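Asker: In full-length UniProt numbering, the protein residues as written are 1 to 434. Right, I'll just put the structure down here and ask away after.
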Ligand code: S3P
């Protein structure tokens, strides 16, 4: 699997803030991570892409420079929200721009706490990009309870806290991915995490030097989700995915698949407490049964719902997924696009106020034969490509280029597993079988 996208962004950002040279192997070479790398370069870090690894020569906490031009974040919400946090406690002005998908995503969720810290924003209507931020000369530490389960918002506040005197605190009631916390500790930040059942409190002491690290990034479980579901759905398949990240804040999909009766086995290596857990996942094809997917799983598998919906469309019986409001503000409105695309491919589904109910085909191939509007969303494009493997007629994705944001080599990997795809033959939007 390509390297984990969330961890890759953080490795570049924290490397840029350390004093000295950080070496990273396994970095995701996807477009989103390249946007972060370009931005860190524009802010003064030196990033060198070698044959086997990437080095980052950091400038130290507080040492970032004002960028000369607007920072182009492409399609990447994580780059944008984390960098807004990071820069909010630096005395500089920066303009953020992005593609059509990113420009409709809400930034108010980070603007609110970062204004409390002292940053000022001039955003487009609805708190959207393009926006210009002026960081604070005298940032103040805040104690912030997350109003929405979001690792991006949590990380933005913690990153702001790095160059802020005193204690910055973030409280969350639903555990979201904790890659920032783990990696900040590894870089030598003074960060503690306490859970009292109802709430987790993360406490960071600012203005501490970060020490450069040697990092090895595991494969991305959110990318692995696509071959995992493909192998479950295509009769006779058996695959093993090696070296994939198994951080428990990211493995909700495996729990959901077990509820659906999937044959998925995980072997975890002992990686030590400050490392990211990783291991191998072995998957065998087999009939899935419909299940109620608990809303509590949502923060641990938020990016995996589109592909889980494809699995549900071929299961026996009804699968109900709830607590999915956040899907509406991802790279696209994933709830709406999945419901539309699944229906166009012959699946039976019903949108609920906060989720979706899907009646599976009982393993019978879906009709397929549809043209899917992926709306600049890599995970929608990949989900329907996988659905095509379990459909009688090919599925056409209007624009597969966003797949390169998170999963370069997706098509080639599926071809080596026996899938057949037809690139670029359908610019005329024909949905004829190929
Ligand atoms: C991410 C957090 C999640 C996730 C995104 C990556 C991160 O977003 O959907 O793909 O790296 O922190 P939210 O924080 O909006 O839930």
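The beta-carbon is built from N, C-alpha and C at its ideal position, and this holds for glycine as well. Here the structure is a predicted model, which is why all the values come from computation and not from measurement.
Is the CB-CB distance between residue 283 and residue 303 below 8 Å?
Answerer: The count along the chain shown starts at 1 and reaches residue 283 at position 283. The count along the chain shown starts at 1 and reaches residue 303 at position 303. Contact: no.
Asker: Taking the C-alpha atoms as reference points, what is the distance between residue 320 and residue 209?
Answerer: Locating residue 320 in the chain shown gives position 320, where the first residue counts as 1. Locating residue 209 in the chain shown gives position 209, where the first residue counts as 1. The straight-line gap from Cα to Cα measures roughly 47 Å.
Asker: Excluding sequence positions up to five away, which residues of its chain have a Cβ less than 6 Å from the Cβ of residue 457?
Answerer: In the structure displayed, the chain extends from 1 to 434; residue 457 sits before or after that span and is not available.
Asker: Could you have a look at residue 117 and say whether DSSP puts it in helix, strand or coil?
Answerer: Here the question's residue 117 lines up with position 117 in the chain shown. In the structure shown, residue 117 sits in a helix (DSSP, three-state: H, G or I).
Asker: Would you call residue 8 buried or exposed, if buried means 16 or more other Cβ atoms sit within 10 Å of its Cβ?
Answerer: By one-based count along the chain shown, residue 8 stands at place 8. Answer is buried; the Cβ neighbour count reaches 16.
Asker: Looking at residue 158: is its Cβ nearer than 8 Å to the Cβ of residue 11?
Answerer: Start at 1 with the first residue of the chain shown, and residue 158 comes out as number 158. Start at 1 with the first residue of the chain shown, and residue 11 comes out as number 11. No, these two residues do not count as a Cβ contact at 8 Å.
Asker: Given this structure, state the Cα-to-Cα distance separating residue 412 from residue 260, to the nearest angstrom.
Answerer: Position 412 of the chain shown, counted from the start, is the residue given in the question as residue 412. Position 260 of the chain shown, counted from the start, is the residue given in the question as residue 260. Looking at the two C-alpha atoms, the distance is approximately 29 Å.
Asker: Tell me the rounded alpha-carbon separation between residue 161 and residue 287.
Answerer: In the chain shown, residue 161 corresponds to position 161, counting from 1. In the chain shown, residue 287 corresponds to position 287, counting from 1. So the two alpha carbons sit approximately 48 Å from each other.
Asker: Report the rounded CA-to-CA distance for residue 322 versus residue 305, giving the unit in angstroms.
Answerer: Here the question's residue 322 lines up with position 322 in the chain shown. Here the question's residue 305 lines up with position 305 in the chain shown. Roughly 10 Å between the two C-alpha positions.
Asker: Is the segment 140-153 in contact with the segment 57-74, if contact means three or more CB pairs nearer than 8 Å?
Answerer: No, they do not touch.
Asker: For the alpha helix (DSSP H) holding residue 31, just list the boundary residues, first then last.
Answerer: Position 31 of the chain shown, counted from the first residue, corresponds to residue 31. Its alpha helix (DSSP H) spans residues 31-42.
Asker: Find the nearest neighbour of residue 362 within the set 348, 352 and 373, judged by alpha-carbon distance.
Answerer: As a first step, residue 362 must be located in the chain shown, where it is residue number 362. The shortest C-alpha separation from residue 362 is found at 348.
Asker: Please report how far the alpha carbon of residue 193 lies from the alpha carbon of residue 24, in whole angstroms.
Answerer: For the purposes of this step, residue 193 is identified with residue 193 of the chain shown, where counting begins at 1. For the purposes of this step, residue 24 is identified with residue 24 of the chain shown, where counting begins at 1. Taking the straight line from one Cα to the other gives about 25 Å.
Asker: Nearest-angstrom Cα distance between residue 96 and residue 80?
Answerer: Along the chain shown, read from residue 1 onward, the residue named residue 96 stands at position 96. Along the chain shown, read from residue 1 onward, the residue named residue 80 stands at position 80. Looking at the two C-alpha atoms, the distance is approximately 7 Å.
Asker: Could you tell me if the beta carbon of residue 248 falls within a distance shorter than 7 Å of some heavy atom in the ligand S3P?
Answerer: Position 248 of the chain shown holds residue 248. No.
Asker: Closest to residue 5 by CA distance: which of 30, 205 and 177 is it?
Answerer: For the purposes of this step, residue 5 is identified with residue 5 of the chain shown, where counting begins at 1. Ranking the options by Cα distance to residue 5, first place goes to 30.
Asker: Can you give me the C-alpha to C-alpha distance between residue 217 and residue 150, rounded to a whole angstrom?
Answerer: Looking up residue 217 in the chain shown gives position 217. Looking up residue 150 in the chain shown gives position 150. Each residue's alpha carbon lies about 22 Å from the other.
Asker: Please list the terminal residues of the continuous beta strand (DSSP E) segment that includes residue 245.
Answerer: Stepping through the chain shown from its first residue, residue 245 is reached at position 245. Looking at the DSSP string, the run of the beta strand (DSSP E) that includes residue 245 is 238-245.
Asker: Just reading off the beta strand (DSSP E) that residue 289 is part of, what are its end residues?
Answerer: The residue given as residue 289 occupies position 289 in the chain shown. Neither: residue 289 is in no beta strand (DSSP E) and is coded neither H nor E.
Asker: May I ask whether a heavy atom of the ligand S3P can be found less than 7 Å away from the beta carbon of residue 151?
Answerer: As a first step, residue 151 must be located in the chain shown, where it is residue number 151. Because some heavy atom of the ligand S3P lies under 7 Å away, the Cβ of residue 151 counts as near it: yes.
Asker: If you compare alpha carbons, which of 370, 271 and 27 is closest to residue 396?
Answerer: Within the chain shown, the letter at position 396 stands for residue 396. Comparing Cα positions, the closest option is 370.
Asker: Could you round the C-beta distance between residue 187 and residue 211 to whole angstroms and report it? I think they count as a contact, below 8 Å.
Answerer: Position 187 of the chain shown, counted from the start, is the residue given in the question as residue 187. Position 211 of the chain shown, counted from the start, is the residue given in the question as residue 211. Contact flag correct, Cβ pair sits at about 6 Å.
Asker: DSSP has residue 316 in a bridge; who is on the other side?
Answerer: Here the question's residue 316 lines up with position 316 in the chain shown. Looking at the DSSP assignment, residue 316 forms a beta bridge with 289.
Asker: Ordered along the chain, which non-local residues of its own chain (more than five positions away) have a Cβ less than 7 Å from that of residue 426?
Answerer: Walking along the chain shown from the start, residue 426 turns up at place 426. With a pLDDT of only 43 at residue 426, under 50, the local geometry of the prediction cannot be trusted, and the value read off the model is given with reservation. Same-chain partners within the cutoff: 396.
Asker: Ignoring anything shorter than 3 residues or poking outside the segment 101-168, list the beta strand (DSSP E) runs there in chain order.
Answerer: 120-124, 128-134 and 143-145, all fully within the segment 101-168.
Asker: Identify every residue that forms a DSSP beta bridge with residue 357.
Answerer: As a first step, residue 357 is located in the chain shown; it is residue number 357 there, counting from the start. 320 and 350.
Asker: Can you tell me which residues form a DSSP beta bridge with residue 96?
Answerer: Residue 96 sits at position 96 when you count from the first residue of the chain shown. Looking at the DSSP assignment, residue 96 forms a beta bridge with 71 and 131.
Asker: Could you please give me the residues that DSSP links to residue 234 through a beta bridge?
Answerer: Your numbering for residue 234 matches position 234 in the chain shown. Answer by DSSP bridge pairing: none, since residue 234 is not bridged.
Asker: Does DSSP classify residue 18 as helix, strand or coil?
Answerer: Taking the first residue of the chain shown as 1, we reach residue 18 at position 18. Strand.
Asker: Does the Cβ-Cβ distance between residue 202 and residue 169 come in under 8 Å?
Answerer: Residue numbering aside, residue 202 sits at position 202 when the chain shown is read from its first letter. Residue numbering aside, residue 169 sits at position 169 when the chain shown is read from its first letter. Yes, they are a contact pair.
Asker: Cα separation between residue 378 and residue 89?
Answerer: In the chain shown, the residue the question calls residue 378 occupies position 378. In the chain shown, the residue the question calls residue 89 occupies position 89. Taking the straight line joining both Cα atoms gives about 32 Å.
Asker: In whole angstroms, give me the CA-to-CA distance for residue 333 and residue 106.
Answerer: Here residue 333 refers to the residue found at position 333 when the chain shown is read from its first residue. Here residue 106 refers to the residue found at position 106 when the chain shown is read from its first residue. One C-alpha to the other measures close to 12 Å.
Asker: With H, G and I counted as helix, E and B as strand and the rest as coil, what does DSSP make of residue 427?
Answerer: As a first step, residue 427 is located in the chain shown; it is residue number 427 there, counting from the start. Low confidence applies to residue 427: its pLDDT is 39, below 50, so where it sits in the model is not reliable, and the reading given next is rough at best. DSSP places residue 427 in coil when its eight states are reduced to three.
Asker: Between which residues of its own chain and residue 237 is the CB-CB distance below 6 Å, once the five residues before and five after are set aside?
Answerer: Indexing the chain shown from 1 puts residue 237 at position 237. Answer for residue 237: 231 and 285, listed in chain order.
Asker: Leaving aside the five residues before and after residue 245 along the sequence, list all residues of the same chain whose C-beta is less than 6 Å from its C-beta, in chain order.
Answerer: The sequence position of residue 245 within the chain shown is 245, counting from 1. Closer than 6 Å at the Cβ level, and outside the excluded window around residue 245, lie 4, 218, 221, 276 and 278.
Asker: Taking the alpha-carbon positions, what's the residue 51 to residue 199 distance?
Answerer: Working through the chain shown from its first residue, we reach residue 51 at position 51. Working through the chain shown from its first residue, we reach residue 199 at position 199. Rounded to the nearest angstrom, the two C-alpha atoms are 43 Å apart.
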